[in-house]
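The sequence shown begins at 1037 in our numbering and counts up one residue at a time.
C-beta: ideal position from N, C-alpha, C; glycine also.
To keep things clear, I will list the structure first and then write my remarks on it.
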Amino acid sequence: MLNSRFAKVAIVVLLIASLFTFAACGSKQPQSADSGNLSGNITVAGSTALQPLAEQAAKMFMEKYPNVAITVQGGGSGTGLTQVVQGAIDIGNSDIFAEEKLDANTAKSLVDHKVAIVGFAVVVNKDVTVDNLTQQQLIDIFTGKITNWKDVGGPDMKIVIINRPASSGTRATFKKVVLKGQEEAQGFALTEDSSGAVKKAVADTKGAISYLALSYVDDTVKALKYEGVEPTAQNIIDGKYPIWSYEHMYTKGEPTGAAKAFLDFMMSDEVQKGPLTKLGFIPVTEMKTK
């Protein structure tokens, strides 16, 4: 009888221990992050549109996990994709799908982590009095058919196009959605390597026009309506404004360790309901359109 009682007690103890084990395994955070022992170096590069959010999230993450060092760089979506494929960085940021920049076999080696929606606005120098442009007007401007603002209801002023390099995901999105894939006119547009440089060039150049992620738009430039619709997060969510793309963070294969923990953190409420929306991005879960 005594042995039977001891056996029953042992079984109960084992069951309780098993429940605690399963609970620990079911945690969404990596075990190393839970224990406070998460460490390592993470290098992130690519899209300058995503860069402000990546930098802010990295700062928050390093405050939580001081043994992790994260370096965030720009360079453009093409650079981010190329470098993550080569293994030069841990995470490649991109405004476009890898398949749009890389060959199919190379793209298959990457794992896509969609972390946000980014909207883009057509922006002009504040001296330009135009408030709205149609898609056809933008096509005509960027292909060189219209070269003076007076031809679209503005002042008698030369149009100065500020473009991004071919590696830019922002440029690829603008070309695909707004220009319908048509090639921009060559030889008279200025090229800037980053979103920040574009904003400064537009602000400083009389008659300038370009395109920027909403996270970069401020009162130094003027954002235009597109087909009569304002470039706002709500209009994107409602499907009224079409110039937007996913923000991707690509890894070569499934991420592990600190990189996985950081990507999990990017999708946490702490980021999605914090700096992500404050910087003008849209949580992927809020989109009503595909």
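CA-CA distance, T1411 and K1261? The structure shown has nothing for residue 1411, since the chain only spans 1037 to 1326.
Taking the alpha helix (DSSP H) that I1127 belongs to, which residues open and close that run? The count along the sequence shown starts at 1 and reaches residue 1127 at position 91. Secondary structure note for I1127: it is in no alpha helix (DSSP H), and the uninterrupted beta strand (DSSP E) holding it is I1127 to S1130.
Looking at the unbroken beta strand (DSSP E) that takes in A1152, where does it start and where does it end? Residue mapping note: residue 1152 aligns to position 116 of the sequence shown, counting from 1. Residues L1146 to V1160.
Q1092 lies in the alpha helix (DSSP H); which residues open and close that run? Working through the sequence shown from its first residue, we reach residue 1092 at position 56. Taken as a continuous stretch (DSSP letters only), the alpha helix (DSSP H) holding Q1092 covers Q1087 to K1100.
When the Cα atoms are used, what is the spatial distance from L1086 to E1219? Within the sequence shown, the letter at position 50 stands for residue 1086. Within the sequence shown, the letter at position 183 stands for residue 1219. Rounded to the nearest angstrom, the gap between the Cα atoms of L1086 and E1219 is 25 angstroms.
Less than 8 angstroms between the beta carbons of V1164 and K1258, yes or no? Start at 1 with the first residue of the sequence shown, and residue 1164 comes out as number 128. Start at 1 with the first residue of the sequence shown, and residue 1258 comes out as number 222. Yes, the pair counts as a contact, with Cβ atoms nearer than the cut-off.
How would you write the range of the alpha helix (DSSP H) that L1299 sits in, first residue to last? On the sequence shown, residue 1299 is found 263 positions in, with the first residue counted as 1. Counting along the chain, the alpha helix (DSSP H) containing L1299 begins and ends at G1293 to M1302.
Alpha carbon to alpha carbon, how far is V1307 from A1093? As a first step, residue 1307 is located in the sequence shown; it is residue number 271 there, counting from the start. As a first step, residue 1093 is located in the sequence shown; it is residue number 57 there, counting from the start. Rounded to the nearest angstrom, the two C-alpha atoms are 7 angstroms apart.
Using beta-carbon positions only, say whether S1113 and S1251 come within less than 8 angstroms of one another. Within the sequence shown, the letter at position 77 stands for residue 1113. Within the sequence shown, the letter at position 215 stands for residue 1251. Contact check for S1113 against S1251 fails: the beta carbons are separated by 8 angstroms or more.
Answer yes or no: do V1334 and S1246 have a C-beta to C-beta separation smaller than 8 angstroms? The structure shown does not extend to residue 1334, since the chain spans only 1037 to 1326, so no value can be given for it.
Buried or exposed: where does L1312 fall if 16 or more other Cβ atoms within 10 Å of its Cβ makes it buried? In the sequence shown, residue 1312 corresponds to position 276, counting from 1. Its Cβ being crowded by 16 or more others within 10 Å, L1312 is buried.
For K983, is the classification buried or exposed, using 16 other Cβ atoms within 10 angstroms of its Cβ as the cut-off for buried? Beyond the ends of the chain as shown, which are 1037 and 1326, falls residue 983; an answer cannot be given.
Range covered by the alpha helix (DSSP H) that runs through S1083: For the purposes of this step, residue 1083 is taken as the residue at position 47 of the sequence shown. Counting along the chain, S1083 sits inside no alpha helix (DSSP H), nor does DSSP assign it H or E at all.
Could you give the uninterrupted runs of the alpha helix (DSSP H) lying entirely in the region 1229-1263, keeping only those of 4 residues or more? As far as the region 1229-1263 is concerned, its whole alpha helix (DSSP H) runs of at least 4 residues are 1231-1240.
T1321 (DSSP reduced to helix, strand or coil): The sequence position of residue 1321 within the sequence shown is 285, counting from 1. In the structure shown, T1321 sits in a helix (DSSP, three-state: H, G or I).
Distance check for I1273 and F1298, CA to CA, integer angstroms please. Looking up residue 1298 in the sequence shown gives position 262. Looking up residue 1273 in the sequence shown gives position 237. Rounded to whole angstroms, F1298 to I1273 spans 26 angstroms at the Cα level.
How about L1215: is its C-beta nearer than 8 angstroms to some C-beta of chain B? Structure shown: chain B not included; a single protein chain is present.
Find the nearest neighbour of L1315 within the set T1321, D1254 and S1145, judged by alpha-carbon distance. Position 279 of the sequence shown holds residue 1315. Ranking the options by Cα distance to L1315, first place goes to D1254.
Does the count of Cβ pairs from the region 1270-1289 and the region 1184-1198 closer than 8 angstroms reach three? At 8 angstroms Cβ cutoff, the stretches do not touch.
Could you check where the alpha helix (DSSP H) with I1197 kicks off and where it finishes? Taking the first residue of the sequence shown as 1, we reach residue 1197 at position 161. It is not in any alpha helix (DSSP H) - I1197 instead sits in the beta strand (DSSP E) that spans V1196 to N1199.
Answer with buried or exposed for S1063, where buried requires no fewer than 16 other C-beta atoms within 10 angstroms of its C-beta. Your numbering for residue 1063 matches position 27 in the sequence shown. Unreliable positioning characterises S1063 in this predicted model, as indicated by a pLDDT of 34, which lies under 50. The coordinate reading is nonetheless provided below. Burial call: exposed.
Taking the alpha-carbon positions, what's the S1136 to V1265 distance? Sequence index remark: in the sequence shown, residue 1136 carries index 100 (1-based). Sequence index remark: in the sequence shown, residue 1265 carries index 229 (1-based). Per the sequence shown, the amino acid found at residue 1136 is Glu instead of Ser. Spanning the alpha carbons of E1136 and V1265 requires a straight line of approximately 28 angstroms.
Only counting the same chain, and skipping five residues up and downstream in sequence, which positions put a Cβ closer than 7 angstroms to that of K1181? One-based indexing of the sequence shown puts residue 1181 at position 145. Spatial neighbours of K1181 in its own chain (CB-CB distance under 7 angstroms, excluding positions within 5 residues in sequence) are not present.
Would you kindly work out how many angstroms separate the C-alpha atoms of I1318 and V1154, rounded to a whole number? On the sequence shown, position 282 is the one that residue 1318 refers to. On the sequence shown, position 118 is the one that residue 1154 refers to. For the pair I1318 and V1154, the Cα-to-Cα distance works out to about 6 angstroms.
Helix, strand or coil for V1136, going by three-state DSSP, please let me know. Start at 1 with the first residue of the sequence shown, and residue 1136 comes out as number 100. What sits at residue 1136 in the sequence shown is Glu, not Val. Residue state, collapsed to three classes: helix.
Buried/exposed call for E1322, threshold 16 Cβ in 10 Å: Walking along the sequence shown from the start, residue 1322 turns up at place 286. Label assigned to E1322: exposed.
Along the beta strand (DSSP E) that carries K1288, what are the first and last residues, could you check? In the sequence shown, the residue the question calls residue 1288 occupies position 252. Counting along the chain, the beta strand (DSSP E) containing K1288 begins and ends at W1280 to K1288.
Counting Cβ pairs closer than 8 angstroms, one from the region 1124-1134 and one from the region 1279-1289, do we hit at least three? Verdict: yes, contact present.
Endpoints, alpha helix (DSSP H) assigned at T1313: Numbered from 1 along the sequence shown, position 277 holds the residue referred to as residue 1313. Taken as a continuous stretch (DSSP letters only), the alpha helix (DSSP H) holding T1313 covers P1311 to K1314.
Return the CA-CA distance between A1329 and K1216, expressed in angstroms with no decimal places. A query on residue 1329 cannot be resolved here, the shown segment of the chain reaching from 1037 to 1326 and no further.
Classification of A1249 by the beta-carbon crowding that lies within 10 angstroms, buried from 16 upward: Sequence index remark: in the sequence shown, residue 1249 carries index 213 (1-based). With 16 or more Cβ atoms within 10 Å of its Cβ, A1249 is classed as buried.
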